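Protein chains in written order, with this note's numbering: chain A, 236 to 377; chain B, 647 to 852. Here a beta-carbon is modelled for each residue, glycine too, at the ideal position from N, C-alpha and C. Remember, predicted model here, so these are calculated numbers, not experimental data. Everything on this sheet refers to the single structure shown next.
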């Protein structure tokens, strides 16, 4: 098992608002201080959105590597064809691992969007999606 | 016989169901009835096609001498011909049988929403001030029992329509549904009555 690492924040951001959020690697029993860290993480992600948009128009790929950096934390992003962004706040993960992780999330997202009951650009509440994303995170990010 | 892409078929059916839900204003019982009615119209036409295809391809069905025979034809030949899948016939009695569908091409991408949340509506999903996955609706949106929706109810209509054309009045319903959490799809078919052969009253000889 790796040493104690800060929880990773993963967001799926639609056109106007975040659609899904998950935290990976959170160890239970870390109360108040962990909460403050989370708020800060959200703010970092929010401020990285502009940079994501800028990179998305410049770079033709779906996987934009590191979009922003704040102290020791990096924001990596993957943009889908409909400009839905998958963003991950982490501390120095391997680019290729992240690419594989994002591709897997992309497949899960496509399957979710084929569900006739899921309307595009609405918050994602599917428990199945949630479980599979967490499983993928466990596989690739820890 | 022209083939359709499974995914296209499933997605088309999915949009049909969601449109029905919007049109009937999230009234689940009404939607189940409508799906059955749509299936009935399809079934009425399917039976002729099935019998003629079998004639052409030399598959001998022949008149069914028992309800079990009918069940076998529906399950093994009918479903195979139109959907490319077979199902199992179980619990056969004189007046009823059950069809077990292990795979359902209509619902390959479907996951029913959580019960108790909002319905499908055309307005915007709402303003979220907080980050994080939002749950269903806030106060004022109708609470829906999605688990009452029989997503594949069209099958029941098809079977009912087809059998009615061969003078068997049946009632069909979904006893178990994978989308609602059971392990297999089960359609229960019960024979209500055998209809009399022949045309209606106005054509009777005086």
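1) If you draw a straight line from the alpha carbon of residue 349(A) to that of residue 756(B), how long is it in whole angstroms?
2) For residue 816(B) and residue 324(A), I'd like the C-alpha separation in whole angstroms.
3) Measure the C-alpha to C-alpha separation of residue 818(B) and residue 797(B) and round it to an integer number of angstroms.
4) Given a limit of 9 angstroms on CB to CB distance, which residues of the region 352-368 of chain A reach chain B?
5) Using a beta-carbon distance below 9 angstroms, is residue 827(B) in contact with chain A?
6) For residue 755(B) and chain A, any beta-carbon pair shorter than 9 angstroms?
7) Counting only Cβ pairs nearer than 8 angstroms, list the residues of chain A close to residue 759(B).
8) Can you grab the Cα-Cα spacing for the pair residue 794(B) / residue 674(B), in whole Å?
9) Using 8 angstroms as the cut-off, classify the Cβ of residue 283(A) as near or not near the heavy atoms of the ligand SAH, replying yes or no.
10) Given a cut-off of 9 angstroms on the beta-carbon distance, is the pair residue 320(A) and residue 291(A) in contact?
11) Could you check what DSSP says for residue 744(B) in three-state terms: helix, strand or coil?
12) Quick one: what does DSSP say residue 312(A) is sitting in, helix, strand or coil?
13) Taking C-beta pairs closer than 8 angstroms, name the residues in chain B that residue 346(A) reaches, listed in chain order.
14) Just to confirm, is the Cβ distance from residue 335(A) to residue 245(A) under 9 angstroms?
15) Sort out for me which residues DSSP pairs residue 735(B) with in a bridge.
16) Report the neighbours of residue 664(B) on chain A: residues whose CB is nearer than 7 angstroms to its CB, in chain order.
17) From the beta carbon of residue 653(B), is the nearest beta carbon of chain A less than 9 angstroms away?
18) In this structure, what does DSSP give as the bridge partners for residue 818(B)?
19) Kindly indicate if chain A contains any beta-carbon less than 9 angstroms away from that of residue 798(B).
20) Using 9 angstroms as the limit for Cβ to Cβ distance, is residue 657(B) near chain A?
21) Out of curiosity, what's the CA-to-CA distance linking residue 306(A) and residue 355(A)?
22) Can you find a C-beta in chain A that's less than 9 angstroms from the C-beta of residue 742(B)?
23) Could you please give the first and the last residue of the uninterrupted beta strand (DSSP E) stretch that includes residue 323(A)?
24) Taking only three categories from DSSP, how would you classify residue 728(B)?
25) In whole angstroms, what separates the C-alpha of residue 810(B) from that of residue 703(B)?
26) Output the distance between the C-alpha atoms of residue 358(A) and residue 750(B), rounded to the nearest integer angstrom.
27) Quick check on residue 243(A): does DSSP put it in helix, strand or coil?
28) If I measure Cβ to Cβ from residue 696(B) and keep anything under 8 angstroms in the same chain, skipping five residues before and after, which residues do I get?
29) Taking the DSSP output, what are the residues bridged to residue 253(A)?
30) Would you identify the three-state DSSP class for residue 843(B), choosing helix, strand or coil?
31) Please determine, among 804(B), 837(B) and 814(B), the residue with the shortest C-alpha to C-alpha distance to residue 690(B).
32) When you compare only the Cα positions, how much space is there between residue 361(A) and residue 759(B)?
33) Please return the same chain residues whose Cβ sits closer than 6 angstroms to the Cβ of residue 312(A), not counting the five positions on each side in sequence.
34) Leaving aside the five residues before and after residue 337(A) along the sequence, list all residues of the same chain whose C-beta is less than 7 angstroms from its C-beta, in chain order.
35) How many Å lie between residue 839(B) and residue 813(B) at the Cα?
36) Would you call the region 706-715 of chain B and the region 678-687 of chain B touching, i.e. three or more CB-CB distances under 8 angstroms?
Reading it off the structure:
1) Spanning the alpha carbons of residue 349(A) and residue 756(B) requires a straight line of approximately 8 angstroms.
2) 59 angstroms
3) 14 angstroms
4) 352, 353, 354, 356, 357, 358, 359, 360, 361, 362, 363, 364 and 365
5) Residue 827(B) does not count as touching chain A.
6) yes
7) 352 and 360
8) 7 angstroms
9) Summarising the ligand content, the structure contains no ligands, and the ligand SAH is consequently not present.
10) yes
11) strand
12) strand
13) 755
14) no
15) 745(B)
16) Here the neighbours are 351 and 352.
17) Interface residue, yes.
18) 835(B)
19) no
20) yes
21) 35 angstroms
22) Interface residue (Cβ-Cβ distance to chain A less than 9 angstroms): residue 742(B) is not classified as such.
23) 320-325
24) helix
25) Between the C-alpha atoms of residue 810(B) and residue 703(B) there is a straight-line separation of about 24 angstroms.
26) 27 angstroms
27) strand
28) Listed in chain order, the non-local C-beta contacts of residue 696(B) below 8 angstroms within the same chain comprise 723, 724, 727, 728 and 808, local neighbours out to five positions each way being set aside.
29) 248(A).
30) coil
31) 804(B)
32) 7 angstroms
33) 287, 299, 302, 320 and 322
34) 298, 313 and 321
35) Answer to the nearest angstrom: the Cα atoms are 9 angstroms apart.
36) no
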